[in-house]
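**Student:**
Numbering (my numbering), first residue to last: 1 to 79.
1. Kindly confirm or deny that the segment 2–10 and the segment 25–32 touch, where touching means at least three C-beta pairs closer than 8 Å.
2. Is the separation between the beta-carbon of residue 48 and that of residue 30 shorter than 7 Å?
3. Per DSSP, residue 74 is paired with what?
4. CB residue 2 to CB residue 32, shorter than 7 Å?
5. Between the Cα of residue 45 and those of 67, 21, 14, 74, spot the shortest distance and give me the residue it belongs to.
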């Protein structure tokens, strides 16, 4: 299994050295593991519960739509 991850800020003003980065971002993980004759890719985004209430619902909705588009792009590229 291979895992790659990054932090996704929900506020465009967030800087990497921000002391409250965990309260202003989510964690995105790409998990690649063998599956039969191929591979299985799992994309997981977590940390919405740490965001301020006024941002968490909108961030989830925005990112959910974005991941639909990105998984289609990945599928199209691999096929």
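Every residue, glycine too, gets a C-beta built ideally from N, C-alpha and C.
**Tutor:** Quick answer:
1. The answer is yes - the segment 25–32 touches the segment 2–10, with three or more Cβ pairs under 8 Å.
2. Judged by their CB atoms, residue 48 and residue 30 are not nearer to each other than the 7 Å cut-off.
3. In the DSSP output, where bridge partners are listed per residue, residue 74 has none listed.
4. A contact, by the Cβ cut-off of 7 Å.
5. The residue with the shortest Cα to Cα distance from residue 45 is 67.
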